[in-house]
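Presented below is the structure to which this report refers.
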Amino acid sequence: MTDATSQGGARPSGPSTRLTAADSRTKKRNASEKRFRAYGLAAIGTGLFFLVVLLTSIISNGSTAFMQTFIEVPVYLDPEALDPNGNRDPADISKVSTFGYNPLIQNAVFEQVQDKGIATDYEDAGDMKALISASAAAQLRDRVIANPDLIGETVDFQILASSRVDGYLKGRVGRDSITQDRNIDAGHLDIVDALREDGTVHKSFNFAFITGADASESRPEQAGLGVSMLGSFFMMLVVLFLALPIGVAASIYLEEFAPQNKFTDFIEVNISNLAAVPSIVFGILGLAAFIQFAHLPQSAPLVGGLTLTLMTLPTIVISTRASLKAVPPSIRDAALGVGASKMQSVFHHVLPLAMPGILTGTIIGLAQALGETAPLLLIGMVGYIATNYPEGVISGFMSPNSAMPAQIYEWAKRADPAYYERAWGGIIILLVFLLVMNVIAIVLRRKFERRW
Amino acid sequence: MPVLWLFLIVLALAAIGFIAGRMRVTSAGGKRPHSLPNYYGWNVAMKVMVPAYLALVVWLLAQPFLVNSQVVGMLGDRAVPEGSTIGLVMSDVRRVADGLDATVAQGLMTSEEANSIRTEFTDVRDRLGEAGVALGSNVSSEVLSAAQTYRTLNATGNFWMSTVVILLAVGGLAWGITQSHGSFRARNSVETGVRIILLSAAMLAILTTIGIVLSLVGNTWHFFQIYPASKFFGSFTWSPSFGGGSELGIWPLLWGTLYISIIALIVAVPIGLFAAVYLSEYAGPRMRAWAKPLLEVLAGIPTIVYGLFALLTVGPLLLSVFGRDGLGWMQAGTAVMTAGLVMGIMLIPFVSSLSDDIINSVPQSLRDGSYGLGATQSETIKQVILPAALPGIVGAVLLAASRAIGETMIVVFGAGAAARLSLNPFDAMTTVTAKIVSQLTGDADFASPEALVAFALGMTLFIITLGLNVFALYIVRKYREQYE
Amino acid sequence: MYDAPLRKTDVEANEIKISAKDVQVFYGDNHAIKDVSVELQDKTVTAFIGPSGCGKSTFLRCLNRMNDTIDVCRVEGLIALDGEDIYDKRVDPVQLRAKVGMVFQKPNPFPKSIYDNVAYGPRIHGLAKNKAELDDIVEKALRRGAIWNEVKDRLHAPGTGLSGGQQQRLCIARAVATEPEVLLMDEPCSALDPIATAQVEELIDELRTNYSVVIVTHSMQQAARVSQKTAFFHLGNLVEYGETSQIFTNPVDSRTESYITGRIG
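Chains as they are written, first to last, in UniProt numbering: chain A, 1 to 452; chain B, 1 to 484; chain C, 1 to 265.
Here you go:
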């Protein structure tokens, strides 16, 4: 220790500075400290600001999709047009196509306009077509076929207004924006203004948006998310029933039984890489493996579910392994100590204790799969395909359908801005589902969380 | 649904086996059996189910493939009309075969008739139309006979599949039951079986990787046979035309991908990193408790939402500032900047939560050491914590880069469709992922270079992201080991 | 050094460096330090001894406000350094810690080079005007840390590559490089083997010529070997404080006697 003693002597520091008065250097350092802190706060603030902007733009653009414009008028169901044979036979009635109903509806609206004494240049009931959705006739027809006794009577009917009228009431369509529009004229808007005052034209809650099917490009007012919601539901069933058991089995093997060797390492590297592979690559896999090779039907929720299962598996395996790892070794030792086999100690003790964590991870994996779009595009779950509810469970899995995010993609791609509103509205529904799933996961975690 | 029935039959046999195996041991009396009775039941059930279901799955996967290649061999080249491909003819064959099935199922045709009709005597298109099966064109005699072979082969295949599966199940049942006596170590047998099942579940990860590689390599190979690889990697032009004569150079797409990713990282890395530093070093527990989950909400929002946000909110917003009415740099709402900015927002929580983990794993003793010397918190962070955490943070940034490169929905909506090599961030460009979507969802014939190029693009994407991931995960793992 | 007899050293002449009066420390609801009053002298090694959890480390961390980094910790009472209240609102803990250095239980070199480890403090406090001065400060600190001869040829090798004892001496060198007036040591030898412990103990004895050293230790032999004054803590109370030789040979309080003879602890 010679080198230390050689340095002996008086205390090296000069006159002691006073603690209570910060010197200039300390002041500078403290200022830079404050600055640094402010950067951090600003970063969090920016992140939260983006979140607020995102949510605001979703809600402000999407909430209008839940209201829809209707024209409520009495419609005279002319027996001569609807039931020429006069025998009220459902078979005969269903032979009358929507072309038979269109004039009735247009007349009804036109009469209403005249009854109210609204000044208009239109002289023909056919000019009212611009106000009315192309789907209104089909809806009326369905109602008549369901209840043929209505024929000959005058019923109050909520006629679905055309998307331009709907847009006018929601502020999307204005008088200047329709000058180039072949679908509607300013005169129609005058009628709408007048009918709106007495409540004939009004907005009400849009159940059809939540329960309905997609509609063609020209009828955004009728498009709904219901059928694609079912598509998502069947896909999630596939994911749940495949990814959960397989994921848990794989995790148990890796966490409890796998020997420490190259092969196990290889499996683990595979899993962590798969977790980071872009989702679109899983779409290519689904296309090549399930459709090209195995010839499963294109656009089927089964194929979508299988593809999403492969995509979700790594997530589930990673979270399941974490919850298995969180069970302390003493539990396993205790079970082995009373003579249980390794398998029994895992299935009787470790697995039940890890179950809440596994379920939480699975729900979060499912939520991720529910919102995933890119792979579905490649296996054909987009386009105007989901027009009807599937008939029964098997067709739910096998017949072409869309899924919520793919339906939103489809709407956002369409040219009519009325579909943008639907897309935002669809996002609100999708986010509500995700929110519910995440809340369930959080509640599960809170309720069963155990600190060892 | 014969497969469903087969499935249920095997399940029923397994249930019978379970009960029989269990009863044989419990009713035997005498010495106490080696294992609990249920294990004997499970032993039999497992021996019924595992081989039978395995055979079923393998058969279901192999049969379409084998039948297909048989029929293709039978058709030969002469059945393929000018301008068509064997793939298109085969899909006709399948459609006719399905149509015949449907017609027979509806009782409009007997199965003998379905096997014997000839195009010379019957208007097949008409007959199938009666059953609601619409065909696009008239059926040629080759296609019809191929469809009939297709049906017979499939029927024979299905018959043998049922036979083999049921035989395996019954054999397993017999084997399991003869084993069921007190001295048999049923528990060990069941546990070995379960272990094998667990192992095969884990191996699915390898299978998935192999599947990805095979599906990419196979189709990429096809692509390079009809389009030279030298042009794919050498050309600076991307102009697909579905009429033929496309130029499919990857560079404009790679440049777009890279440019958007860089902008995304420029947005996400500083914000994410500073947020992580603040949350882990400064924020009190209460602020952490609400700010962290709120930021992570950004990560839980599906990418389609960000896509729409880019297309309908951010794009128009940027256009109003940088567009013709403002600075005049921007032509349309879709641009590299739009996509990059939105992708950056999406990546903020990704960067921040990874960095947060990494900063938290820097040992407290280093902080104490620095504070003990009179360092301020920011000096400690800048000079001790961040340098110590640097490898981990680099890993996190690389993972974020891989996410950005592989992201699809934001660029599909936000970046535009034009492939170009430009330096202006307000120009519309396109990316590898966006083109994979557009080439595979278009109307292109699946065997054309315009569609197959998507697989070559997917291969490129896979290799780039795989490289980044492997490297990043390696760095992060090394970093973790340092402080464990 | 090991079996050295207890030396009676006259340190009473040294001036008071730190004086604490009625100090209370709370961790949330837990009253960790109760009514501790003590006066620590300059150029003296003072040992804090006591059973685990008695509050000796907590009290040590009060002396340079390291407890500020713990959210739930609350300190009451008066602690003065050279007559200045260190918990005064105007006092910057950063300046305080430059004057009151600290060495920790586990050697904690930064993942930087040996040179940068030692230069870190002088750099942040701006003690060197240029590279040559900094080199000088680093060398002096390493010499005072009794490690210069071992590392002078590899100053730019990582500090984490040294052995445990070397790391701890590096940390001591790092602490003295900022020219503190008081050195706090929290069980500096508990992670070291006996040979490294002996080296560090010898170093502590030498540091006494320049600094007021406060050391928390679990080992009574160590306290007896290196310190001139000893304070015995028990359940958050300062039970007895006095000359080390007196505490170990003739304790006043029965609890001190029980601890020293091994009946509590």
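The beta carbon of each residue, even a glycine, is placed where N, CA and C say it ideally should be.
Close partners of A43(A) in chain B (Cβ separation under 9 Å): P270, I271, G272, L273, F274, A275, A276, V277, Y278, I348 and S352. Residues of the same chain with a CB within less than 8 Å of the CB of D198(A), apart from the 5 flanking positions on each side, are K116 in chain order. Within the stretch 107-169 of chain A, the runs of beta strand (DSSP E) at least 3 residues long that lie entirely inside it are, in chain order, 154-160. Shortest Cα-Cα distance from Q106(A) to any of D83(A), S133(A), F209(A) and T120(A) involves S133(A). CA-to-CA, the gap between L254(B) and I124(C) works out to about 45 Å. Selection S399(A), A213(A) and T387(A) evaluated against G226(A) yields A213(A) as nearest (Cα-Cα).
Around I358(A), the same chain offers V248, T320 and S323 as residues with beta carbons nearer than 7 Å, after the five sequence neighbours per side are excluded.
Contact annotation: the stretch 25-38 of chain A does not touch the stretch 123-133 of chain A, with fewer than three C-beta pairs closer than 8 Å. Shown here for I260(B): same chain residues with a beta carbon closer than 8 Å to its own, the five before and five after excluded, namely V336, A339, G340, M343, A404, V411, A415, M429 and T431 in chain order. The stretch 173-182 of chain C and the stretch 114-121 of chain C touch, with three or more beta-carbon pairs separated by less than 8 Å. Exclusion of the five residues before and after L82(A) leaves I93, V96, G100, V144 and I151 as the residues of its chain whose Cβ lies within less than 7 Å of its Cβ. The Cβ atoms of V214(C) and L81(C) do not sit closer than 8 Å to each other. Looking at the DSSP output, R74(C) bridges to F26(C).
Given a length threshold of 4 residues, each whole run of the alpha helix (DSSP H) inside the stretch 199-238 of chain B is given here in chain order: 229-234. In the three-state reduction of the DSSP assignment, S438(B) falls in the helix class, which pools H, G and I.
When CB distances to chain B are screened at a threshold of 8 Å, the residues of the stretch 417-432 of chain A falling below it are Y420, A423, W424, I427, L430 and L431, in chain order. Under the Cβ criterion of 8 Å, P278(A) is counted among the residues facing chain B. Annotated as proximal: Y150(B) and V67(B), with beta-carbon spacing under 8 Å. Of the candidates S352(B), N469(B) and G315(B), G315(B) places its Cα closest to the Cα of S57(A).
In this structure, V194(B) lies away from L56(B), with their beta-carbon atoms at least 8 Å apart.
Per DSSP, the unbroken alpha helix (DSSP H) holding M343(B) starts and ends at V336 to N360.
Shown here for S370(B): same chain residues with a beta carbon closer than 6 Å to its own, the five before and five after excluded, namely T380 and V384 in chain order.
Neighbours of R25(A) in chain C, taken as residues whose beta carbon is under 8 Å from its own, are H125 and G126 in chain order. The Cβ neighbour count for V89(B), taken over all protein chains shown within 10 Å, is at least 16; the residue is labelled buried. As the crow flies, the alpha-carbon of A472(B) is around 58 Å from that of N14(C). The C-alpha of V23(C) lies about 26 Å from the C-alpha of R367(B). Between T208(B) and L310(A), the beta carbon gap of about 5 Å places them in contact (Cβ cut-off 8 Å). A direct Cα-to-Cα measurement between L167(B) and W160(B) gives close to 10 Å. Taking 9 Å as the cut-off between beta carbons, the residues of the stretch 235-260 of chain A near chain B are P245, I246, G247, V248, A249, A250, S251, I252, Y253, L254, E256, F257 and A258, in sequence order. Distance from the Cα of S91(B) is smallest, within the candidate group L75(B), L466(B), A105(B) and Y227(B), for L75(B).
Taking all protein chains shown into account, I363(A) has 16 or more neighbouring C-beta atoms within 10 Å of its C-beta and is therefore buried. Cβ-Cβ separation between G236(C) and C62(C): approximately 12 Å, too far for a contact (criterion under 8 Å). Each of G307(B), L100(B), V71(B) and H222(B) was checked against the Cα of D126(B), and the nearest Cα belongs to L100(B). D186(C) carries a strand assignment under DSSP once its states are collapsed to helix, strand and coil. In this structure A91(A) is exposed. Its beta-carbon is surrounded by fewer than 16 other beta-carbon atoms within 10 angstroms. Interface with chain C (8 Å Cβ-Cβ cutoff): A375(B) is included.
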